[in-house]
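Contents: one structure, followed by commentary.
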Ligand code: PEP
Ligand code: MN
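Numbering (our numbering), first residue to last: 1 to 675.
The structure is reproduced here in structure tokens:
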């Protein structure tokens, strides 16, 4: 069912529409309209099955023009719903009320929150078209200094911070909404309310007589409103809402009214909406977002890594962290050989080794444990390299501390568990350990950032993030999907935390390492963690993805390292330009490959649509796709208009491709016209 509302998703109209129309088996589709007139027109012209329209508010009064719209478009009122309106001040995260210079809000919201606005004279108030629409715009355009006045649902939907809650002058702030449609409800015993209008002559007492007749028929008036008649100055239409106990009373009252008035119109008979204010206030309270510490409220004050990770004797490229070592420390000899060979490359900052191994299935090699820490300690003494070990609990952290480990890392399986992350943060607190956090197995940016928040709250400042790919369930020749947009968003959100890539666990196979490593560097990774083993094919864990230290050296030398900022000392400007252009070329090649892959999927969908005789254009799906792309685009700081234009273009190409498929011969030999 398609319902027209004034405003956008997340608005009070949206909530009212869902409350009234949505059922478990009939999901609701919104038609967002900028004005009430457009709403009425959408219902009238059958672009929507029904509409939901605010008609009066307990603090701001009636919305008179809407009565006129119902009349002009000859709409039927099929029901009503009351909603408690709770207004909040919403803005981009990380701001306070003092940062807000302008509030943009609907005139109704401004009236309802006038006392709050008066208490904050530094905030300029600008009238705007709708409450949630402003919230959406602030979020999409990343407008700082501007706030919206809207509900909790809008805050959640558009990911805005609530700077102040419950701004309404009086908590008993309710809006009545009318459900409107082209055809009236049938009158039956369920109906106990009607909305009607009429005119009366100027004869003395004619209105009073009409109203008195309602009393005689035991009709209760819930609303009376006079509306000027267009083009007839000082003539009024009387609009009434009435309720009754017995349906025959209503029929009799209408008959009587018809005789005493003229131009009587019944806009609809319906079931009165629930409006017990107390009950509404408590039982129907809108869900509040759970109180949580906002990411931006926890400052993650990471040290520059150069301040705590030693430089190798022959760095491969200035300002990149290189970490290498075996997946697992297996024996003392293997650990020592790996350390010596990796150290002799001269370009590796940190030696890694797994000491406790998280295995998916029980019974595999679960790591050498504390014994392995002793091997690593001796390898460190022999090579002078810093060492890093994966930890999953407080005991592991203690053991590492006792054996001179410099850096611990939280593995992908552990990052996904906030209890464990908290335990590790508490154990590291007050020590000199550095902590690296791999992304969680699931593509969940918040969980990853959450781990850094826990460490930051424990006062840990030696921090590194490791991108190791995600389990997405998609079939691929890589072990874990890189989903590059997530590390890119991570860098947007936590720009001071150095982010490196672990191509070993993304690839799961050594022949892919170079291309994934290169791509990560092109996209701005600040270094690499690569598994390296003296005899990789014999490795006890992750044999397929490890490579010898010699092959590691070749791989590192073959990569194109972009000069990072302020690299003027080691690279001329020209070299830097060349490096950047090379990176652009590689990104463009990848881009074209992705376009081709997308079009292949489009063709498969086209075949499916042809087989099932579905329309090529699925507006709801397209709308959803566009919304999601715009939202991700916004998070990646891409211009919304640019993203929209690009996807419109892509969509056009997809439609063209699918039209050709659908209109080609169908299975049973008929032609199906593409719609
Ligand atoms: C590892 O680095 O050996 C490891 C187990 O990695 P991840 O946590 O990324 O799976
Ligand atoms: Mn491994």
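Here a beta-carbon is modelled for each residue, glycine too, at the ideal position from N, C-alpha and C.
Please name the residue, chosen from 591, 234 and 219, that lies closest to residue 240 on a Cα-to-Cα basis. For this step, residue 240 is matched to residue 240 along the chain shown. For residue 240, the nearest C-alpha among the options comes from 219.
Quick check on residue 637: buried or exposed, where buried means 16 or more other Cβ atoms within 10 Å of its Cβ? The residue given as residue 637 occupies position 637 in the chain shown. So residue 637 counts as exposed.
Counting only runs that start and end within the segment 318–400, where is the alpha helix (DSSP H) found for 4 or more residues in a row? Whole alpha helix (DSSP H) segments, 4+ residues: 332–345 and 370–383.
Answer yes or no: the CB of residue 131 versus the heavy atoms of the ligand MN, is any distance below 8 Å? Position 131 of the chain shown, counting from 1, holds the residue named residue 131. No - the ligand MN has no heavy atom lying nearer than 8 Å to the Cβ of residue 131.
Are the segment 312–324 and the segment 520–529 in contact at 8 Å, needing three or more beta carbon pairs? The segment 312–324 is in contact with the segment 520–529.
Would you decide whether residue 261 is buried or exposed? Buried here means 16 or more other CB atoms lie within 10 Å of its CB. Along the chain shown, one-based indexing puts residue 261 at 261. By the neighbour-count rule (16 or more Cβ atoms within 10 Å), residue 261 is buried.
Can you name the start and end residues of the alpha helix (DSSP H) that residue 631 belongs to? Counted from its first residue, the chain shown places residue 631 at position 631. Per DSSP, the continuous alpha helix (DSSP H) segment holding residue 631 begins and ends at 619–635.
Taking residue 175 and residue 85 to be in contact with their CB atoms under 8 Å, please state how far apart those CB atoms are, rounded to whole angstroms. Here the question's residue 175 lines up with position 175 in the chain shown. Here the question's residue 85 lines up with position 85 in the chain shown. Sure, about 5 Å apart at Cβ, within 8 Å.
Roughly how far, in whole angstroms, is the beta-carbon of residue 584 from the beta-carbon of residue 658, given that I think they are within contact range, below 8 Å? Translated into the one-based positions of the chain shown, residue 584 becomes position 584. Translated into the one-based positions of the chain shown, residue 658 becomes position 658. About 32 Å separates the beta carbons of residue 584 and residue 658, which is beyond the 8 Å limit, so they are not a contact pair.
Straight-line CA distance for residue 283 to residue 649? In the chain shown, residue 283 corresponds to position 283, counting from 1. In the chain shown, residue 649 corresponds to position 649, counting from 1. Because residue 283 carries a pLDDT of 30, less than 50, the predicted location of this residue cannot be relied on, and no value is offered for it.
I'd like to know whether the C-beta atoms of residue 487 and residue 505 end up nearer to each other than 9 Å. Taking the first residue of the chain shown as 1, we reach residue 487 at position 487. Taking the first residue of the chain shown as 1, we reach residue 505 at position 505. In this structure, the beta-carbon distance from residue 487 to residue 505 does not fall below 9 Å.
Quick check on the DSSP output: the alpha helix (DSSP H) that includes residue 643 runs from which residue to which? For the purposes of this step, residue 643 is taken as residue 643 along the chain shown, with counting starting at 1. Here the alpha helix (DSSP H) through residue 643 covers 640–662.
Determine the direct distance from the alpha carbon of residue 368 to that of residue 8, and round the result to whole angstroms. Here residue 8 corresponds to residue number 8 of the chain shown, with the count starting at 1. Here residue 368 corresponds to residue number 368 of the chain shown, with the count starting at 1. Residue 8 and residue 368 have their alpha carbons spaced roughly 58 Å apart.
If you follow the alpha helix (DSSP H) that residue 452 is part of, which residue opens it and which one closes it? Mapped onto the chain shown, residue 452 falls at position 452. Element bounds for residue 452: 445–457.
What are the residues that DSSP puts in a beta bridge with residue 270? Along the chain shown, one-based indexing puts residue 270 at 270. DSSP lists 193 as the beta-bridge partner residues of residue 270.
Just to confirm the assignment: which complete alpha helix (DSSP H) runs, minimum length 4, are found wholly within the segment 475–529? Counting only runs of 4 or more, we get 485–493, 503–507 and 513–522.
I'd like to know whether the C-beta atoms of residue 50 and residue 30 end up nearer to each other than 9 Å. Within the chain shown, residue 50 is the residue found at index 50, counting from 1. Within the chain shown, residue 30 is the residue found at index 30, counting from 1. Their beta carbons are not under 9 Å apart, which means residue 50 does not touch residue 30 by this criterion.
Quick one: does the C-beta of residue 438 sit closer than 8 Å to a heavy atom of the ligand PEP? In the chain shown, counting from the first residue as 1, residue 438 sits at position 438. At least one heavy atom of the ligand PEP is nearer than 8 Å to the Cβ of residue 438, so yes.
Comparing alpha-carbon positions, which option in 537, 531, 635 and 550 lies nearest residue 757? In the structure as shown, the chain starts at 1 and stops at 675, and residue 757 therefore has no counterpart that could be examined.
Pull up the CB-CB distance for residue 138 and residue 146, whole angstroms please, since I reckon it's below 8 Å. Numbered from 1 along the chain shown, position 138 holds the residue referred to as residue 138. Numbered from 1 along the chain shown, position 146 holds the residue referred to as residue 146. Contact between residue 138 and residue 146 holds: CB atoms are separated by about 6 Å, below the 8 Å threshold.
Thinking C-alpha only, which one of 543, 447 and 172 is nearest residue 328? To locate residue 328, count along the chain shown from 1; it is residue 328. Closest option to residue 328, Cα to Cα, is 543.
CB-CB length for residue 424 against residue 394, believed under 8 Å: The sequence position of residue 424 within the chain shown is 424, counting from 1. The sequence position of residue 394 within the chain shown is 394, counting from 1. Rounded, the Cβ-Cβ distance is 7 Å, consistent with contact.
Per the DSSP calculation, residue 407 is bridged to which residue(s)? For the purposes of this step, residue 407 is taken as the residue at position 407 of the chain shown. Bridge partners of residue 407: 388 and 434.
Buried or exposed: which applies to residue 664, given that a residue is buried once 16 or more other Cβ atoms fall within 10 Å of its Cβ? Locating residue 664 in the chain shown gives position 664, where the first residue counts as 1. By the 10 Å Cβ count, residue 664 comes out exposed.
With hydrogens ignored, establish whether the beta-carbon of residue 430 is closer than 8 Å to any heavy atom of the ligand PEP. Taking the chain shown and counting its residues from 1, the one referred to as residue 430 is at position 430. Not so, every heavy atom of the ligand PEP lies at least 8 Å from the Cβ.
Go ahead and pull the three-state DSSP assignment for residue 216. Working through the chain shown from its first residue, we reach residue 216 at position 216. Residue state, collapsed to three classes: helix.
Where residue 71 sits in the DSSP three-state scheme: The sequence position of residue 71 within the chain shown is 71, counting from 1. Correct three-state label for residue 71: helix.
In the DSSP output, which residue or residues are listed as bridge partners for residue 228? Position 228 of the chain shown, counted from the start, is the residue given in the question as residue 228. Its beta-bridge partners are 236.
Residue 6 and residue 130 look like a contact to me (Cβ under 8 Å); what is the Cβ gap, rounded to whole Å? Here residue 6 refers to the residue found at position 6 when the chain shown is read from its first residue. Here residue 130 refers to the residue found at position 130 when the chain shown is read from its first residue. With a Cβ gap of about 7 Å, residue 6 and residue 130 count as contacting.
When DSSP builds the beta bridges, which residues end up paired with residue 187? Along the chain shown, one-based indexing puts residue 187 at 187. Beta-bridge pairing links residue 187 to no other residue.
Determine the DSSP secondary structure at residue 35, reduced to helix, strand or coil. Counting from one through the chain shown, the residue named residue 35 turns up at place 35. In the displayed model, residue 35 falls within coil according to three-state DSSP, outside both helix and strand.
Helix, strand or coil at residue 174 according to DSSP, with G and I counted as helix: Counted from its first residue, the chain shown places residue 174 at position 174. In the structure shown, residue 174 sits in a strand (DSSP, three-state: E or B).
Does at least one heavy atom of the ligand PEP sit under 8 Å from the Cβ of residue 520? Walking along the chain shown from the start, residue 520 turns up at place 520. Distances taken from the Cβ of residue 520 to the heavy atoms of the ligand PEP include none shorter than 8 Å.
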